[in-house]
Amino acid sequence: PGRDGGIDCVHTLNFFYRYCGAIVQLHIPRQKMDHGQHSDRSLLIEAFETWPELKTRFALVWKRTDETEEDALAAVRAELLPGDALCFLAGSVPHHGGVMLEHGDFLHTLKRDGVHTMRLDAVLRGERVLGYLAAVYRPIPR
């Protein structure tokens, strides 16, 4: 539950992967919802790359570079599998997470909208959602 009740994207990821048996219960430290607007450090990427509970359970599939272009995004979209953890830019750093479903849909949580599915090809703030993709982590089979 978030500070104001309900659930945010990080807790949705935690619930999803715990329910599926990919991880155990994680203690997620509180953070400001607008962290990505004010930081050059992604706590989401940091968690996947340094927390033992995640680092040993997920493999980096793809990460955005400064030179990432539309063709690279199209290529990574073709490689996405259901269950992949998607990290999206929210402000200046990857600060929003979702779970890849099938057929170009992903599950995520927005504070005002709750938990829902969205298309990677949907347009948000004048850009396709896929354009905000910053990293993809894949659960490692046990």
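Residues 482 to 623 (our numbering) are what the sequence shown spells out, left to right.
All C-beta atoms in this analysis are idealised placements derived from N, C-alpha and C, irrespective of residue type, glycine included.
This one's a predicted model, so the numbers in the text were calculated from it and none came from an experiment.
Drop a sphere of 10 angstroms on the beta-carbon of Asp602, count the other beta-carbons inside from all chains shown, and report buried for 16 or more, exposed for fewer. exposed
Using 8 angstroms as the threshold, is the C-beta distance between Leu507 and Gly578 below it? no
Need the endpoints of the beta strand (DSSP E) that Thr598 sits in, please. 595-600
Closest by C-alpha distance to Gly502, when choosing among Val617, Asp552, Phe539, Val604: Phe539
Quick check on the DSSP output: the beta strand (DSSP E) that includes Leu591 runs from which residue to which? 586-591
Using alpha carbons as the reference points, say which of Ile488, Glu530, Leu524, Ile509 lies closest to Pro620. Glu530
Just to confirm my understanding: we take His589, look at its own chain, exclude 5 residues before and 5 after, and list those with CB closer than 6 angstroms. What are they? Cys490, Gly579
Are the beta-carbon atoms belonging to Arg545 and Leu614 less than 8 angstroms from one another? yes
Say the cut is 7 angstroms; is the CB of Val557 nearer than that to a heavy atom of the ligand ADP? In the structure shown, the ligand ADP is absent, as is every other ligand, since no ligand is present at all.
Below 6 angstroms CB to CB, which residues in the same chain sit around Val542 once its five sequence neighbours on both sides are set aside? Val617, Arg619
What first and last residue would you give for the alpha helix (DSSP H) that runs through Cys568? Note, Cys568: premise wrong, no alpha helix (DSSP H); beta strand (DSSP E) at 566-571.
Distance between Gly595 and Pro482 (C-alpha atoms, nearest Å): In this prediction, Pro482 has a pLDDT of 48, which is less than 50 and means its spatial position is unreliable; nothing more can be read from the coordinates.
List the whole-angstrom C-beta distance separating Cys678 from Leu525, where the pair is believed to meet the contact cut-off of C-beta under 8 angstroms. The chain is shown from 482 up to 623; residue 678 falls before or after that span and cannot be answered.
Between which two residues does the beta strand (DSSP E) harbouring Pro575 extend? 574-581
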